[in-house]
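Visitor: Structure incoming, see below.
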Amino acid sequence: MKTNKAKIKPKAKAAVKSKAKAAVKPAVKPAAKSNNIVTNVLLSGVGGQGTILASNILTEVFLGAGYDVKKSEVHGMAQRGGDVTTHFRFGKKVYSPLIKAGDVDFLLSFEQLEALRYINWLKDSAKVVVNNQQVFPPAVNLGQAAYPQDVEQVFRKFFKDSFHMINGQEIALRLGDVRAANVVLVGAFSNFFNFKEEKWLDALKNLLPPKILELNFAAFMEGRKAL
23 MKTNKAKIKP KAKAAVKSKA KAAVKPAVKP AAKSNNIVTN VLLSGVGGQG
73 TILASNILTE VFLGAGYDVK KSEVHGMAQR GGDVTTHFRF GKKVYSPLIK
123 AGDVDFLLSF EQLEALRYIN WLKDSAKVVV NNQQVFPPAV NLGQAAYPQD
173 VEQVFRKFFK DSFHMINGQE IALRLGDVRA ANVVLVGAFS NFFNFKEEKW
223 LDALKNLLPP KILELNFAAF MEGRKAL
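Using the numbering used here, the letters of the sequence shown correspond one by one to residues 23 to 249.
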């Protein structure tokens, strides 16, 4: 006995397909691929080294260049040589000031141990500038821990030519004031970015008293040549 099969016209088939596709569409439209690249900079050091001033210089320069900037500062017990860390992020639009571990593009560290502390936060492609100063924490001074002596070797093993050790104290002392070592480091670090020297010097003008500008201009320029 023959069974009559209903024939579906081509137009009807297309309508059925269309409805089937509509049924499996996601409820939320997929987000468009963003071209908003955010760059992550981590600054680390200990109290009294001028890491906050360094982050303020970066803020002046990048805001002046039209970037959106977010930063977050963490202050340890600075009077006891505690750590001071700044998360600094810039891009077309930045929504959070915090950097995730493993996402750091640039590390600027003012002390060797504080650099080593954040090595696991760095991307494989990260660029690193570290001051060669060693500030012994209380545990080392009390004989309860040893200060690592292979910081440079560890960084060179993983980052090779992207790692730079700068003698900030020696350069600043030669200029007349060891306290300018932080600006020496900023000068070295500035080589990674395509801004004219005037942008950086203008930032120093906006942040520092006139009486110490000449010293810090010189510190910046010497740091720029040191990298």
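Note that the Cβ used here is the ideal one computed from N, Cα and C, for glycine as well.
(1) I need the straight-line Cα distance from glycine 209 to alanine 241, nearest angstrom please.
(2) Please classify phenylalanine 177: does DSSP put it in a helix, a strand, or coil?
(3) Suppose contacts are defined by Cβ-Cβ distances below 8 Å. Is phenylalanine 110 in contact with aspartate 90 by that definition?
(4) Using only the alpha-carbon positions, how far apart do leucine 195 and proline 232 sit?
(5) I'd like the span of the alpha helix (DSSP H) that includes glycine 86, first residue to last.
(6) Measuring CA to CA, which of Lys247, Phe217, Lys114 is closest to isoleucine 193?
(7) Buried or exposed: which applies to glutamate 220, given that a residue is buried once 16 or more other Cβ atoms fall within 10 Å of its Cβ?
(8) In the DSSP output, what is isoleucine 188 paired with across the bridge?
(9) Which residue wins for smallest C-alpha separation from leucine 132, given the options Tyr117, Gly124, Asn154?
(10) At the level of alpha carbons, what is the spacing between glycine 69 and valine 106?
Guide: On the basis of the data shown:
(1) Annotation: glycine 209 to alanine 241 spans about 7 Å, alpha carbon to alpha carbon.
(2) DSSP places phenylalanine 177 in helix when its eight states are reduced to three.
(3) The criterion of a C-beta distance shorter than 8 Å is not satisfied by phenylalanine 110 and aspartate 90.
(4) Computed Cα separation, rounded: 20 Å.
(5) From DSSP, the alpha helix (DSSP H) with glycine 86 extends over 73-86.
(6) Closest in alpha carbon position to isoleucine 193, among Lys247, Phe217, Lys114, is Lys247.
(7) With fewer than 16 other Cβ atoms within 10 Å, it is exposed.
(8) Note: isoleucine 188 is bridge-paired with Asn153 in the DSSP secondary-structure output.
(9) This sequence places phenylalanine at residue 132; leucine is not what is there. With respect to the C-alpha of phenylalanine 132, the residue from Tyr117, Gly124, Asn154 having the closest C-alpha is Asn154.
(10) The C-alpha of valine 106 is placed about 6 Å away from the C-alpha of glycine 69.
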